[in-house]
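See below for the structure under consideration.
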Amino acid sequence: MLLIHCPYCKEKLPELEFEYAGQAHIARPDNPAEQTDAEWRDYLFIRSNVRGDHAEQWRHSHGCGRYFNALRNTVSDKFIATYEIGQACPTSHAEGEENNEQLES
Amino acid sequence: MNNWRVDGKGRINRDKRVRFTFDGVSYQGYEGDTVASALLANGVHLMGRSFKYHRPRGPVTAGSEEPNALIGTSRSGTGRFEPNTRATVQELYEGLTTVSQNKWPSLKFDVGAVNDKLHKLFAAGFYYKTFMWPKSFWDKVYEPVIRASAGLGVSPTEPDADTYASRYLHTELLIVGAGPAGLAAALTAARNGTEVVLVDENRELGGSLLSEAPSAIDGNNTESWLAEVITELEARDNVRVMTRATAIGYYHENMVGVAEKLTDHMAHPPANAPRERMWRIRAQEVILAQGALERPLVFDGNDRPGVMMAGATQTYLNRYGVKVGNAAVVVTSHDSAWYAAFDLADAGVKIPAIVDVRATVNEYLQSEAQKRGITAKVGHSVTSVSGTKRVSGVKIGRISGDQQVADISSIPCDAVLMSGGWTPSLHLFSHTKGSLHWDEENEVFLPGERTERCHIAGGGRGLWSQQAAFDDGVHAAQQALTSLGQSAQALSVDVDGDRAGSGVVMEELPSNNDKLARRAFVDFQNDVTAKDIRLAVREGMLSIEHVKRFTTNGMATDQGKMSNMNGLKIAADELGRPTPKVGLTTFRPPYTPTTFGTFAGYHKDELFEVTRKTNIDSWAEENGAVFEPVSLWRRAWYYPKAGEDMHAAVARECRETRASVGMFDASTLGKIEVVGPDAAEFMNRMYTNPWTKLAAGRCRYGLLLGEDGFIRDDGVIGRISEDRFHVTTTTGGAARVLTMMEHFLQTEWPDLDVWLTSTTEQWSTIALNGPNARKVLEPFVKGADLSAEAFPHMALRECSVGSFEARLFRVSFTGELGFEVNVPSEHGRALWEILYQEGKKYDMCVYGTETMHVLRAEKGFIIVGQDTDGTVTPADAGLTWAIGKKKPDFVGKRSLTRPDMLLPNRKQLVGLLTEDPSVVLEEGAQIVETGDTAIPAKMLGHVTSSYWSEALGRSIAMALIEGGFERNSTSIDVPMPGQTHRATISGTVFYDPDGDRIKM
Ligand SMILES: [Zn+2]
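So the protein sequences, as listed, match chains A and B.
Going by full-length UniProt numbering, the first sequence opens with residue 1, and the numbers climb by one from there.
Going by full-length UniProt numbering, the second sequence opens with residue 1, and the numbers climb by one from there.
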């Protein structure tokens, strides 16, 4: 069972208290009405499938109840960092093409 | 009796005789025996039949890795039969009843053994290929035969009568395995004051010291040394010692699952004692000291009863005082079997020959053999074994070339001791995804990079002597303590008579016989032979993972503890590639088979899942309600009166409610309090409806979509004040809706000043529906005028009802005049009883969820999750009126204009009226075009809701149908078993279409 550091409670707590909440840093478009069908599709459905460091949201459901961001390695299942909603991802190439290339190699 | 006991040997209690039965025959053993050791002491080797070929089998090991000696055990009382118990692990107790498996009609004469004669047919991949044969052949010939003889043991038929416990434990250092390495590590850490948990799967600590005692440890005899160490460890406050406790899995962040057996060794377990306890141990540091497992050699007949691991025979001798035979031939590629031979010879067992496949063996071993009059056949191989239910002899020959032998001779014997060397036991380390490195010189996989804070000590690192294991245990403890920020005094343990050794790893032993004709087993439990593995490679399986699946090698309950390395070696040889390049299959938890009960722990029967009950539930129970589960809630389904079945009760409840008044416990409705200066703005963004202009004291039906535009939830939402909404959700959707709201609020709109609170359990909700609803309620309401003018439909008031503070809604889910009274939940039953008394004046009924469903369906009100399935848009459900047209945005709005959402032939929610009004369609039934009898027919949709409508005197239904709105008034067919029903598509409002009744 993983131990996860809640950046709000500032404590490392058992995975049982948390739930996964999808990929992080996908902001809802400011004005959805102006989105093309393709743009809106991408926002709704297109997610990275990273073999490596993945930025994702978690919620401390059975604790403070707050959502936070986490950078987790999908191979080792190790958390590299957890950080507050609104903060930038700690590494520049946390997701996306660079890591997807690893999968193909 | 017990003719195979050796005087003066073993750790059994010879003063305590124990009687038990095996296949109905009574035997005697001693306290401290396992079933296997006691049967061997009685000369019984044949303990079961194999899985596929039904070959006679006996124990090959003395431990938890045993693949063959699987038996059924039962203790007194029902529900206590267990199949596939390893006889080598099950401790003996008075009255234990055991049976052999995979045999019919008896263990000694088994019809299924015909499979063994047909072994060429059952070769690897048989199942895959046979499927391609003519279908009739499979159905009539093979499948019945295979079914009749397949399976490992017999499943219990009774519910498990035992209880199981679970505990969490936190410690600085967890040590797995209490052999020399584990004990040395434990002593080192214990004396330093470190918090230590030491677990071992055996009844007693000691590991290999119990099987092969060195002549002295620290100048003391081994038995006394061990007793002193155990006394010291158990006396220390900082040490917890757990025996019969198997570390089954190594999980993230140093959490180790330990299954502790508590009562399986007791004739009379204490009342209410759990049978097993699952420990979840979170350790800061872990030392894995699990030793090594001896590998079999692969030769024709290596599975015959009496052919055993050399190390196991030493265990039977030294730990249980049992000799496995009178004349034992040893065949080995490793030094350790020579020592086993010496131990057995010294105990009076005749050793006709030690057959060593290596070209040279060290002088010391040869001279020790000579001293004992044992013939050493170095550079020789065993080519076959005679005897079926018990080995009666072997053929051996001098290795004269690659897979060639010469000078073949026969040696009679009643036991064969084999050793193909030792495999480090790294299963738990593998669970952590720790890497394994191939040690070329010793041909073993050793632990490489670690992913967790763990240390491997002793045999797990390929160290084959007890002195080396002791030293390594001390070293591992020092490393762990350093990592903990502690410093450790080194400890030294000096072993006299240490038996170091080495060996080589073999494929099949050299023999002149055709490799494909030999019955040389690699995986005993799954009956996989060397031939099967070679065949798999020839059929194109290049990866060891493919070979494993094609042959099932290593896929039995022992997870290939004995077979993986031999299988790999043979596959590598057939592929002509180096062993490490072929790879190793992945070990997964649990390390040994673990009961479902242990995993379930307390989570069974009434503790399996929470049952949520409303404050009114007790009244329902006392008044004869029949209940149904709705998510975690237990809800009153209907209230039958004497002589009523469900249909009659529901028809009456419907009738009485529409005729006068009915009362319903709606407390399970999800409730969320949305509060704050930006509450209305938040509601505007979440729900499809407009909220800005909704006045305080009014309510509105709210529709919630996902961002994908599909309906997620609905419910009536009341505006208590400018900055406060009382949101209701579906019973099952409450938590989901609150989570969705929180997600948007926290991550997308943190600027909104809004607070969300779950209030589902703060309110009891009583619904009164029917023309007389107002009359029942009015006498108890203070602070609100209930007249139609002052309190119209969709109004709400904060007032007092029956002296309880209340939020009173005028809403209806039935189409009748309706009220929902919310009072603090603890007053629910009190108010219910007050209203129930008053209701007697009006022949009021109480009704359950079924009547609620019928009444709402008559009005075409949907139930999210029943009439919708996650692919239904507001337009599909006929709910476009609920969308705030002027709102620029809300969750899901943009998706409503995606191209696929606008297609005309989407599935749409319509009504269905069957041609025969007495037919109530089945919910979930598929819908086709009229007269379409093609197979398969094109499915147009399905029935979502269907009931007998007492008000209409006929059946009604709702359905999702492709282009359903366009098809209004046309017919469709609903094919059901035996009969196809025709129905006409209609609107969904079946009763009081003008909505007059609600206005009363
Ligand atoms: Zn928290």
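Even glycine gets a Cβ: it sits at the ideal position worked out from N, Cα and C.
Between B:L174 and B:I281, is the Cβ-Cβ spacing less than 7 Å? yes
For the segment 41 to 59 of chain A, list every residue whose C-beta sits within 9 Å of some C-beta in chain B, in sequence order. R41, Y43, L44, F45, Q57 and R59
Kindly indicate the opening and closing residues of the alpha helix (DSSP H) around A:D42. D37 to F45
Give a yes or no on whether the C-beta atoms belonging to B:T728 and B:L669 are separated by under 7 Å. yes
Applying the criterion that 16 or more other CB atoms from any shown protein chain within 10 Å of the CB defines a buried residue, is B:D162 buried or exposed? buried
What does a CB cutoff of less than 7 Å around B:S721 pick up in its chain, not counting 5 residues either side in sequence? A696
Of the residues B:Q466, B:F682 and B:R967, which one's Cα is nearest the Cα of B:D753? B:F682
Are there any heavy atoms of ligand 1 lying less than 6 Å away from the beta-carbon of residue 109 of chain A, as far as the coordinates show? In the structure displayed, chain A extends from 1 to 105; residue 109 of chain A sits before or after that span and is not available.
Could you tell me which whole alpha helix (DSSP H) segments of length 4 or greater appear in the segment 607 to 645 of chain B? 617 to 622
Starting from the C-beta of B:Q478, find all residues in its chain whose C-beta is less than 8 Å away, skip the five residues before and the five after it, and write them out in chain order. T188, A488 and A490
Under 7 Å between C-beta atoms, does A:R72 make it to chain B? no
Please state the DSSP three-state secondary structure of residue 1001 of chain B. With chain B running from 1 to 1000 in the structure shown, residue 1001 of chain B is simply not present.
Where A:E11 and A:I4 are concerned, what is the direct C-alpha to C-alpha distance, given to the nearest angstrom? 8 Å
Answer with yes or no whether the minimum CB distance from A:A81 to chain B is below 7 Å. no
If B:A756 and B:V674 are in contact, beta carbons under 8 Å, what's the gap, nearest whole angstrom? It should be noted that the sequence gives Leu, not Ala, for residue 756 of chain B. Indeed they touch by this definition, with Cβ atoms about 6 Å apart.
For B:A36 and B:A87, believed in contact at Cβ under 8 Å, the rounded distance: 4 Å
Three-state secondary structure (DSSP) of residue 1004 of chain B: Residue 1004 of chain B is absent from the structure shown; chain B starts at 1 and stops at 1000.
Give the C-beta separation of B:V943 and B:A937 to the nearest angstrom, bearing in mind that I take them to be a contact with Cβ-Cβ under 8 Å. Contact flag wrong, Cβ pair sits at about 15 Å.
Less than 7 Å between the beta carbons of B:A857 and B:T914, yes or no? no
In the structure shown, what three-state DSSP assignment does B:D665 receive? strand
For B:N442 and B:K16, I'd like the C-alpha separation in whole angstroms. 45 Å
Leaving aside the five residues before and after B:T97 along the sequence, list all residues of the same chain whose C-beta is less than 8 Å from its C-beta, in chain order. F20, T21, T73, S74 and R75
Please report the distance separating the alpha-carbon of B:V6 from that of B:D343. 12 Å
Positions along the segment 16 to 41 of chain A whose CB lies within less than 7 Å of some CB in chain B: A21, R28, P32, A33, Q35, D37 and W40
CA nearest to the CA of B:V256, picked from B:F429, B:R797 and B:K841: B:F429
Is A:G63 near ligand 1, in the sense that its beta carbon is under 6 Å from a heavy atom of that ligand? yes
Is it the case that the CB of A:Y8 approaches a heavy atom of ligand 1 more closely than 6 Å? yes
Within 8 Å of chain A by C-beta, residues of the segment 881 to 895 of chain B in sequence order: P888, D889, K893, R894 and S895
Tell me which same chain residues have a C-beta within less than 7 Å of the C-beta of B:L694, skipping the five on either side of it? R700 and R719
Should B:E507 be flagged as near chain A, meaning a C-beta pair shorter than 7 Å? no
Candidates B:T759, B:H603 and B:E748, of which the one nearest B:I672 by Cα: B:T759
Going by alpha carbons, who is nearest to B:H268 out of B:E94, B:V378 and B:S400? B:E94
For the beta strand (DSSP E) that contains residue 1028 of chain B, what are its first and last residues? Residue 1028 of chain B is absent from the model: chain B starts at 1 and stops at 1000.
Tell me whether B:E66, by its Cβ, gets closer than 6 Å to a heavy atom of ligand 2. Ligand 2 is absent from the structure shown, which contains only ligand 1.
Does the segment 310 to 324 of chain B come into contact with the segment 449 to 460 of chain B, if we say contact requires no fewer than three beta-carbon pairs (one atom in each stretch) closer than 8 Å? no
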